[in-house]
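So the sequence lines, in the order shown, correspond to chains Y and A. Heads up, the first sequence is in my numbering, so the first residue is 6 and it goes up one at a time. Heads up, the second sequence is in my numbering, so the first residue is 882 and it goes up one at a time. We treat Cβ as the ideally placed atom computed from N, Cα and C, and that holds for glycine. Worksheet: the structure to be examined is printed underneath.
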Amino acid sequence: KNQVEQSPQSLIILEGKNCTLQCNYTVSPFSNLRWYKQDTGRGPVSLTIMTFSENTKSNGRYTATLDADTKQSSLHITASQLSDSASYICVVSSLNAGNNRKLIWGLGTSLAVNP
Amino acid sequence: DAGITQSPRHKVTETGTPVTLRCHQTENHRYMYWYRQDPGHGLRLIHYSYGVKDTDKGEVSDGYSVSRSKTEDFLLTLESATSSQTSVYFCAISALAGGPDTQYFGPGTRLTVL
Numbered sequence: 006k007n008q009v010e011q012s013p014q015s016l017i018i019l020e021g022k023n024c025t026l027q028c029n030y031t032v033s034p035f036s037n038l039r040w041y042k043q044d045t046g047r048g049p050v051s052l053t054i055m056t057f058s059e060n061t062k063s064n065g066r067y068t069a070t071l072d073a074d075t076k077q078s079s080l081h082i083t084a085s086q087l088s089d090s091a092s093y094i095c096v097v098s099s100l101n102a103g104n105n106r107k108l109i110w111g112l113g114t115s116l117a118v119n120p
Numbered sequence: 882d883a884g885i886t887q888s889p890r891h892k893v894t895e896t897g898t899p900v901t902l903r904c905h906q907t908e909n910h911r912y913m914y915w916y917r918q919d920p921g922h923g924l925r926l927i928h929y930s931y932g933v934k935d936t937d938k939g940e941v942s943d944g945y946s947v948s949r950s951k952t953e954d955f956l957l958t959l960e961s962a963t964s965s966q967t968s969v970y971f972c973a974i975s976a977l978a979g980g981p982d983t984q985y986f987g988p989g990t991r992l993t994v995l
């Protein structure tokens, strides 16, 4: 069964600290993995997209890693800011032989950055 | 929100009434999607469209229908709303169906069915 599991479920850190969010998946065939940020009351916004051949991708203070062998990804946030408080969602895309994409969404990690 | 608007943003309705949610885009993207988001579940795809008048079912399509008569508009209809359809509904658009493209999401519609 295709699944995406994220940990921790929630996290509280102090402003300025770093943190790492985890995503483990059992999706086949694998096409790509995305991280989205969702602020409360808003739609998700894409942070990074990684294909099978990419193992690191950065977007400002956000750095995503992908280990396709172990089927794990992480999202590292450096020097956290209050505006980083949000839910971070891992999404894995599977592309079948008919070129039809299926997205498997994780439940997200709720991050709170406190002053 | 990448040129995507949803209307209404909030709606309260009663069980058994029909409800239509509208998604409007100004990006001229080919693909449009309707998702629902509920606590304890990841975003779940209801229906999607790959062109004008071309639509297909997602994983939770029962009780929902869609229509796309113009590139820019994608309508989601609940024929007879039930309390289990209380949720936040998101519309998304993308330029490509395959490959590492990105879906852009609208601001969401919070629907409450009493």
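- Below-8 Å beta-carbon distance, Y:T70 vs any chain A residue: no
- Task: Using a Cβ cut-off of 7 Å, pull out every chain A residue sitting near Y:W40, in sequence order please.
- Result: Per Cβ cutoff of 7 Å: no residues; Y:W40 is ~11 Å from chain A at best.
- Which term fits Y:V96, buried or exposed, when burial requires 16 or more other beta carbons within 10 angstroms of its beta carbon? buried
- Message: Is there a C-beta anywhere in chain A that falls below 8 Å from the one on Y:I17?
- Response: no
- Of all the options A:T886, A:Q918, A:H922, which has the alpha carbon lying nearest to the alpha carbon of A:R903? A:T886
- Query: Where do the N-terminal and C-terminal ends of the beta strand (DSSP E) with A:V994 fall, by residue?
  - Reply: 990-994
- Task: Within the same chain, show all residues whose beta-carbon is closer than 6 Å to that of Y:T146, passing over the 5 residues directly before and after it, in chain order.
- Result: Residue numbering for chain Y in the displayed model covers 6 to 120; residue 146 of chain Y lies beyond these limits and cannot be assessed.
- Message: At the level of alpha carbons, what is the spacing between Y:F57 and A:T894?
- Response: 45 Å
- Message: Quick check: the stretch 902-916 of chain A against the stretch 942-960 of chain A, are at least 3 beta-carbon pairs closer than 8 Å?
- Response: yes
- For chain A, is any of its Cβ atoms less than 8 Å away from the one on Y:L80? no
- Message: How far does the beta strand (DSSP E) with A:G932 in it extend, from its first residue to its last?
- Response: 925-932
- Item | Under 8 Å between C-beta atoms of Y:E10 and Y:G113 | no
- Task: In angstroms with no decimal places, state the Cα-to-Cα distance between A:Q906 and A:S942.
- Result: 22 Å
- Query: Between the C-alpha atoms of A:F986 and Y:L108, what's the straight-line distance to the nearest angstrom?
  - Reply: 14 Å
- Message: Tell me whether the stretch 43-63 of chain Y and the stretch 14-29 of chain Y touch, counting them as touching only if at least three CB pairs, one residue from each stretch, are closer than 8 Å.
- Response: no
- Query: Does the beta-carbon distance from A:V900 to A:H928 come in below 8 Å?
  - Reply: no
- Item | Continuous beta strand (DSSP E) stretch holding Y:V97: start and end | 91-100
- Query: For the putative contact between Y:A73 and Y:L80, defined by C-beta atoms under 8 Å, what is the C-beta separation to the nearest angstrom?
  - Reply: Not confirmed; about 16 Å, so no contact.
- Does Y:L26 come within less than 8 Å of chain A when only Cβ atoms are used? no
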